[in-house]
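With our numbering applied, the sequence shown corresponds to residues 6 to 77, in that order. Take a look at the structure below.
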Amino acid sequence: ATEAALKYFLLGAFSSALYLYGVALAYGATGSTQLAELPKATLNPWIGGPAIALISVGFAFKVAAVPFHMWA
Numbered sequence: 006a007t008e009a010a011l012k013y014f015l016l017g018a019f020s021s022a023l024y025l026y027g028v029a030l031a032y033g034a035t036g037s038t039q040l041a042e043l044p045k046a047t048l049n050p051w052i053g054g055p056a057i058a059l060i061s062v063g064f065a066f067k068v069a070a071v072p073f074h075m076w077a
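Below, the structure is given as structure tokens:
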């Protein structure tokens, strides 16, 4: 049980870190924390693309979407 708890904790921490890094990139590109402002971030593809990708991957881990469904 300890091994499973550690794996779950590390996966949760990793997904949260990815999501927060994506939000930080989006904030740096748009100056806003609102997700409705993300289309402005795509004006700069070097920042907007990775920001949207990291937010999506972090969210996919949290909702156990394929291929991030290790705990579903």
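Here a beta-carbon is modelled for each residue, glycine too, at the ideal position from N, C-alpha and C.
| Query | Result |
| --- | --- |
| 6 Å Cβ shell around T47 - same chain, five flanking residues per side excluded | G53 |
| Presumed contact (8 Å Cβ cut-off) between A31 and L23, rounded CB distance | That belief does not hold up - the Cβ atoms of A31 and L23 are roughly 13 Å apart, past 8 Å. |
| Alpha-carbon to alpha-carbon, V71 and A29 | 25 Å |
| L59 versus F66: straight-line alpha-carbon distance, rounded | 11 Å |
| Close-in-space but distant-in-sequence residues of the same chain around P55 (CB under 8 Å, 5 per side omitted) | G27 and L30 |
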